[in-house]
Structures are given as C-alpha cells and as structure tokens.
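Asker:
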Amino acid sequence: MENFNDAATDRNIIELDHIGLLNLKETRKWTMLLSVLGFVFIGLMLALVIWLTLMGGSPYAVPQVFSFIPLLLLCVIYFFPIYFLFQFSRYSRLAIANSNSNLLSKSLRYLKKHYQFMGILAIIVLIIYALMIPLMFWSSGLLKTFVQP
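The opening residue of the sequence shown carries number 115 in our numbering; numbering runs sequentially from there.
1. Start and end of the alpha helix (DSSP H) containing Ile127?
2. In chain order, what residues of the same chain lie with their CB nearer than 7 angstroms to the CB of Val163, ignoring the 5 residues before and after it?
3. Using 8 angstroms as the threshold, is the C-beta distance between Leu168 and Cys189 below it?
4. Just reading off the alpha helix (DSSP H) that Asn214 is part of, what are its end residues?
5. Express the C-alpha separation of Gly233 and Ser206 in angstroms, rounding to a whole number.
6. Assign Phe182 to one of three DSSP states: helix, strand, or coil.
7. Excluding the 5 residues flanking Phe110 on each side, which residues of the same chain have their C-beta closer than 8 angstroms to its C-beta?
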C-alpha cells in the first residue's frame, strides 16, 4: 500500500541542483548590488532635499517644504521595492549558506513582493499617462482641432 503522507510531502519538495544554486547565488549578488545602489540613491535624494531646503529660496516662491514634497514622496515610493530586493538577497544568502528551505521560501516571498509592488506601480503610472494625455491635448487646444465637425 502507498503511504499518502509521504506522497503529499514529496509533491511539496523542490530540489535545486548545482546549476540552480549557482544561478541563485549570482542572482542574489546582483540584487544585493542593485539594492545597495538604490539605498545610496535614496540617501542622495534625501541629502539633496535637505540641502536645497537649507539653502532657502525666493521669498515670493512657493514655500520650500511644498516644493520638495514630490521628491520626498518619490523617496518613500522608491524605498519599498529596494527594501524588498535587499531582503530577498539577504534571506537567499542565508538559505544557501544553511541549506534552509524555509529561508529560501521567505526570500522568494520578498522577491514576489518586489515584483508585485513594481507591477502595481507600473499600472498606476500607465493610468496617470492615460489620464494626462487627453488632458494635455485639451489644455493645449489641439483636442478642438481633432473633434471639430
């Protein structure tokens, strides 16, 4: 007779061969590089915001705080995918070093979160473009030339 517990357990196990582990190690190194560069870029953007805020501006211009809100918002939005990529790299390094499938699952969960975030962000940007293009035509008066009977 067949043992159903062993059959169910065997279906959930995926083994990586030597080539798969080498590919995962190389991918982990590149994602670590990209995440560290992303954190450096976020730090530079925040330093720019602080420097420009301290430099001051024209008394007739919009207050400095309001002019740098978009840049701060960009830093916050950019932080999350970089953080998820960093966590993938960190946990996959630990999983490979310890041959731990639970850590590998956790690392892949962070990679999934990274791509989910980037996909949702891409959809939002496409929606903004779809809304802005007709608005641009309308505001420039070009829409009237296309719609006139």
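Every residue, glycine too, gets a C-beta built ideally from N, C-alpha and C.
This one's a predicted model, so the numbers in the text were calculated from it and none came from an experiment.
Answerer: Let me spell this out:
1. Indexing the sequence shown from 1 puts residue 127 at position 13. Taken as a continuous stretch (DSSP letters only), Ile127 belongs to no alpha helix (DSSP H), as it is neither H nor E.
2. Translated into the one-based positions of the sequence shown, residue 163 becomes position 49. The beta carbon of Val163 sits closer than 7 angstroms to the beta carbons of Phe182, Leu185 and Leu186 from its chain, once the five residues preceding and following it are set aside; these are given in chain order.
3. By one-based count along the sequence shown, residue 168 stands at place 54. By one-based count along the sequence shown, residue 189 stands at place 75. Contact flag unset, no.
4. Counted from its first residue, the sequence shown places residue 214 at position 100. Premise fails: Asn214 is in no alpha helix (DSSP H) and is neither H nor E.
5. Numbered from 1 along the sequence shown, position 92 holds the residue referred to as residue 206. Numbered from 1 along the sequence shown, position 119 holds the residue referred to as residue 233. Between Ser206 and Gly233, the C-alpha separation is close to 22 angstroms.
6. Reading the sequence shown from its first residue, position 68 is the one you call residue 182. Secondary structure at Phe182: coil, using DSSP grouped into helix, strand and coil.
7. In the structure displayed, the chain extends from 115 to 263; residue 110 sits before or after that span and is not available.
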